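Every position in the sequence shown, counted from 1, becomes a number in my numbering once 9 is added.
Note that beta-carbon positions come from the ideal geometry of N, C-alpha and C, so glycine has one too.
The model shown is predicted, which means the values in this text are computed figures rather than measured ones.
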Amino acid sequence: MTFLKQQMQKAISTNPIQDMTFRGLHWIEASAGTGKTYTLSSLMVRIFLDQYYPHQVIATTFTRKATAELKNRVRLRVEETLAYIQRHQQLNSVEIAAKIQSETDPLFQQVLKDYGTRMDYARRRLRLVLNQLDELFVGTLDSFSQKLLREFAFESGKIERAELTEDQDLYIQQLIHDVLRDWIQQQPQYMVNHLYVQNLLKPVEHYTGLVRDALNFSKQHFRKIELAECDLNKLEACISQLVSIQEHDLAVMRRYCQESPKYFHKSFLTKLTEICENFMTWSAALKNQGGMSFFDAELQPILLNLCHLRRKKTDFQPTTQVFNKSCPDAEQQLILQYSLIVAIDALCEVKQYLDEQLQQLTTYLEFHIIQSVQTRLPQTLQQQGETTFSQQIRTLAEALQGQQGQRFAQFVQARYPLILVDEFQDTNQDQDDLLAKIWRDANRVQSGCMIMVGDPKQAIYGFRGGDMLTYNKAHADVRHKQGREYTLMQNHRSVKPLVDVVDALFQRQMDFGEQVQYTLIQAGSRPHPDLVDMDRINPQPLRWIQLGESDLEADQVAWKIRALLNQSAQQQLYFQQQEHQQSLSADDIAVLGFGHFALEQVKQRLQRMGIPSYKESKQSVFASPIAQDVAAVLTAIMDPFNEAKVKRALLTRLLGFNLKKLIDLQSQSEGLSRYIADLDIIREMWFEKGFLTAWNYALNLFQVWTNLVASQSLDNERVVVNLRHLTEMLSQQSEYYQGAQKLYHWYLRQLQSPSGKDSEKERKLSGDHGVQLMTIHASKGLEFKVVFLLGADAAFDVNKGNLNFSLSAPEQDNILEQSRVIAVNHKNLHEQAILQNAARNAAENHRLWYVALTRASHR
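As structure tokens, then:
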């Protein structure tokens with residue numbers, strides 16, 4: 010038996026809180042609802058009691074929201090443990106032994122075991138930790154990479170300071186434009202014209218999404234595509250064969266067909282007649298252009314007319330509408346040997362060859378744009394003193410290469426000997442390479458501690474760069490280096506009947522694809538109130554509603570929600586906890602969907618019924634009307650002596666003028682002069698004291714907050730919240746863009762093309778409550794009492810996405826030897842690559858199901 014197999018057969022612990030020792034590698038698989046955050050916060054307490062202080066520990070997770078929650082939970086857990094120690098530090102050894110036996114909290118039980126005779130030390134240690142807890146770094150891997158580059162600028166050799174850019178999409182579009190222009194200039198004009206006519210040459214915006222997706226991955230993972238070169242001699246020979254046909258040859262064939270019409274399909278005879286009548290005119294035009302006829306916009310319809318005699322218009326496959334069943338085989342062979350038919354068959358083959366070459370050319374162009382932008386973007390950012398999160402990761406990866414890189418890794422590990430990486434299933438290859446070089450180096454594994462936490466069944470962020478191959482390779486690496494494995498098996502989120510039925514459902518298909526297997530789950534010990542439905546407790550916790558017509562799905566869901574709320578209002582549906590009853594409210598219900606369209610449909614139905622609901626806005630705050638008004642005011646501040654701009658600012662909702670008030674103002678002797686003077690003062694203040702001081706002065710001077718709510722309107726709160734949001738973003742950017750002009754032009758760019766970042770999305774209002782409507786991706790990590798899943802049996806496109814993902818050596822048994830191969834997604838890829846990509850997408854869709862079905866606590 011090999012060493013690796015022995016490692017795989019090692020017992021897997023189900024109690025990491027008590028069993029973990031903080032040396033080497035540790036791998037925790039935490040299924041949905043199994044108390045992962047509770048486990049991690051408890052482990053943090055043990056880490057701080059053991060040997061590490063907060064400033065020596067790193068904790069990373071996937072989102073900023075998750076980092077805030079983890080940091081808060083760690084602080085609460087430290088405070089709880091400190092209070093527990095203070096309550097029990099006077100116990101003697103016998104009492105402590107008894108308390109260990111009766112204690113149900115695994116952390117407190119382990120603290121008593123480890124520090125029962127040193128309770129005073131534990132108390133003083135945790136007090137010190139509590140005072141230093143702000144020094145604990147909890148953030149995303151991206152923000153951690155930024156921290157490392159700043160702290161270890163000298164050791165890494167990356168001394169140049171770079172700020173995170175807000176204009177990545179702008180740089181990408183500029184680079185695509187430059188690359189596209191250079192490439193077009195190198196192509197023959199006839200080819201460029203043909204690409205435009207065939208709509209194969211797209212505008213810059215078409216390539217932006219593709220390049221943005223590709224930038225999540227290193228360029229070395231992309232499959233190289235060779236430039237397709239069209240054989241013009243083949244085209245020339247084809248046209249020569251066609252124009253060599255004489256009028257006599259046409260007459261012979263036409264006469265034969267007219268004499269035996271019963272042998273031929275009616276549509277064939279019609280097309281043949283048209284061709285024979287026009288052929289000599291067409292032939293003269295084709296002869297004049299020769300092989301270039303294929304690229305001539307006026308001659309292409311002629312070539313297509315000829316091809317459609319033998320090929321279908323829809324898919325260009327050979328047509329069956331030529332001979333009738335009564336036509337003998339000998340007659341068929343005779344017709345097919347006529348020079349016109351032979352020439353047209355050859356034309357069809359050359360046309361298909363040309364289309365394939367052009368498709369290959371456009372695929373190469375996409376690959377060329379990706380590779381060029383991946384090469385040029387770091388240089389462009391460096392020239393501007395800027396960077397991106399993904400570029401920071403790659404910069405660090407470069408700094409970790411070679412002997413100097415090993416020394417750099419040792420410096421980092423010495424400073425931060427323990428790292429905890431949450432949501433490891435969403436880690437991309439660049440991030441894992443970075444982590445492996447610092448904390449998983451074979452020579453230094455026991456010099457520190459690395460704790461990796463994830464759930465492969467919840468790996469649903471492939472579109473952001475997450476890759477199950479990265480997860481599986483890291484898992485194999487941990488096993489190979491004698492790492493310890495743990496699993497959390499108790500679902501504390503859901504009631505036992507729901508846990509059991511969902512567990513039974515997934516046992517019917519335990520293979521989640523990409524080497525992910527479903528593991529059996531048990532209901533946890535967390536107490537839940539009973540959901541009483543018509544005097545029955547938690548009946549049918551998992552329900553399938555089969556619709557006769559799929560377009561009625563939104564109506565059915567809305568009716569079901571209304572029925573549940575009506576039941577609750579009649580006290581037929583409620584939560585019972587001991588003597589207390591709590592009605593089911595709209596806030597307890599969530600509707601999950603695979604996309605936004607279906608969720609919008611449900612939202613509309615609920616609004617018609619008067620049921621409150623909330624769906625996170627996808628609109629950028631820069632797309633709101635108040636953003637345009639802010640731009641008008643900023644424009645007037647920048648140019649206060651331009652009366653037209655001042656008038657436009659006065660007519661905004663911020664300053665509160667309407668047309669009548671403006672006319673009245675202009676009729677006064679003072680007119681606009683007071684406002685011009687005020688705006689000039691604000692401009693000078695902006696130049697001298699910074700944006701925020703000047704902007705707050707303007708808001709107070711013009712009584713903007715009063716103006717916004719001067720009249721009753723449904724959107725008053727939205728306008729106020731959006732203005733505060735815009736003020737915050739301008740204030741943040743004022744620290745990055747030095748000078749009023751730069752900040753002003755940055756703001757105008759955002760208005761023209763909002764980036765769609767989460768930080769730009771309109772924020773939730775105080776009245777935004779009720780039924781929660783969200784995508785499955787957005788629901789990850791959340792819990793609701795009742796959940797509806799839309800489109801559970803909807804068709805799924807396994808070939809979706811801009812990129813294709815396959816393996817370099819799929820037959821290789823050792824996963825550590827495998828690597829990811831990425832290509833632009835198109836139909837001409839190798840069949841195995843298409844199948845592997847389809848399997849990857851199907852596996853992720855399976856995992857989306859798992860995430861959706863594990864959000865509910867009761868139904």
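Which listed residue (the options) has its alpha carbon closest to that of residue i
| i | options | result |
| --- | --- | --- |
| Asn208 | Leu85, Leu367, Leu135 | Leu367 |
| Met694 | Ala749, Asn725, Leu660 | Ala749 |
| Asn437 | Tyr859, Asn837, Arg829, Thr30 | Arg829 |
| Asp464 | Leu478, Val525, Asp439 | Val525 |
| Leu582 | Val541, Lys322, Arg535, Glu375 | Val541 |
| Met783 | Gln229, Leu608, Thr384, Val807 | Leu608 |
| Val213 | Ala237, Val188, Glu853, Ala787 | Val188 |
| Ala888 | Asp59, Lys45, Leu100 | This structure cannot settle anything about residue 888, because the visible part of the chain is limited to 10 through 868. |
| Leu312 | Gln195, Ile353, Pro327, Gln346 | Ile353 |
| Gln229 | Leu179, Arg403, Met301, Ile109 | Arg403 |
| Thr863 | Thr90, Glu792, Leu799 | Glu792 |
| Leu349 | Ser764, Met289, Arg424 | Met289 |
| Pro115 | Val807, Leu529, Pro25 | Pro25 |
| Gln182 | His215, Glu432, Phe153, Tyr93 | His215 |
| Tyr124 | Met29, Gln98, Arg319, Leu184 | Gln98 |
| Thr69 | Tyr62, Leu79, Gln60 | Leu79 |
| Asp539 | Lys505, Asp222, Glu558, Ala513 | Lys505 |
| Leu774 | Val729, Tyr753, Cys239, Met738 | Val729 |
| Phe117 | Ser102, Leu139, Val87 | Val87 |
| Gly790 | Leu34, Asp28, Ala39 | Ala39 |
| Gln196 | Ile691, Ala237, Ala41 | Ala237 |
| Asp564 | Gln613, Gln586, His537 | Gln613 |
| Ile378 | His778, Trp192, Leu443 | Trp192 |
| Arg683 | Asn667, Ile570, Thr661, Phe711 | Phe711 |
For residue i, the residue or residues it bridges with in DSSP
| i | result |
| --- | --- |
| Val532 | One detail in the question is off: residue 532 reads as Ala in this sequence, not Val. The partner list for Ala532 (beta bridge, DSSP) reads Asn500. |
| Thr715 | Bridge partners of Thr715: none, in fact. |
| Phe814 | Ile831 |
| Tyr623 | Gln781 |
| Lys770 | Ser629 |
| Gln591 | Phe584 |
| Glu395 | Glu172 |
| Glu38 | Gly463, Thr496 |
Where the alpha helix (DSSP H) containing residue i begins and where it ends
| i | result |
| --- | --- |
| His778 | Taken as a continuous stretch (DSSP letters only), His778 belongs to no alpha helix (DSSP H), as it is neither H nor E. |
| Val729 | 725-745 |
| Ile248 | 241-252 |
Cβ-based burial, residue i [other Cβ within 10 Å; buried from 16]
| i | result |
| --- | --- |
| Leu52 | buried |
| Glu375 | buried |
| Ile546 | exposed |
| Pro649 | buried |
| Glu853 | buried |
| Tyr205 | exposed |
| Phe12 | Because Phe12 sits at a pLDDT of 44, beneath the cut-off of 50, its placement in the model cannot be relied upon, and the following sentence gives the value as read from the coordinates. Answer is exposed; the Cβ neighbour count stays below 16. |
| Gln467 | buried |
| Met618 | exposed |
| Gly475 | buried |
| Ser269 | exposed |
| Gln413 | exposed |
| Glu175 | buried |
| Tyr130 | exposed |
| Val103 | exposed |
| Arg96 | exposed |
Segment limits, beta strand (DSSP E) that includes residue i
| i | result |
| --- | --- |
| Arg829 | 829-833 |
| Asp539 | 539-542 |
| Ala68 | 66-70 |
| Phe146 | 146-149 |
Proximity test, residue i beta-carbon vs the ligand FMN heavy atom, cut-off 7 Å
| i | result |
| --- | --- |
| Tyr373 | For the structure depicted, the ligand FMN is absent and the ligand set is empty, with no information on it obtainable. |
On the three-pair Cβ rule with 8 Å, is the segment 487-501 touching the segment 839-851?
The segment 487-501 and the segment 839-851 do not touch, with fewer than 3 CB-CB distances between them shorter than 8 Å.
Would you say the segment 323-339 touches the segment 290-308, given that touching needs at least three Cβ pairs under 8 Å?
Result no; under three Cβ-Cβ pairs closer than 8 Å.
Quick test of the definition: if touching needs 3 or more C-beta pairs under 8 Å, does the segment 393-403 touch the segment 190-206?
Under the three-pair Cβ rule at 8 Å, the segment 393-403 does not count as touching the segment 190-206.
Inter-stretch contact (C-beta, 8 Å, three-pair minimum) for the segment 709-721 and the segment 674-681:
No, because fewer than three Cβ pairs between the segment 709-721 and the segment 674-681 fall closer than 8 Å, the two stretches do not touch.
Using 8 Å as the Cβ pair cut-off and three pairs as the minimum, do the segment 341-352 and the segment 256-272 touch?
With the cut-off at 8 Å, the segment 341-352 and the segment 256-272 touch.
Could you say if the segment 221-236 and the segment 380-387 meet the contact criterion of at least three C-beta pairs nearer than 8 Å?
Taking 8 Å as the limit for Cβ pairs, the verdict is that the segment 380-387 does touch the segment 221-236.
Within 8 Å, do at least three Cβ pairs link the segment 811-825 to the segment 765-773?
The segment 765-773 vs the segment 811-825: no contact.
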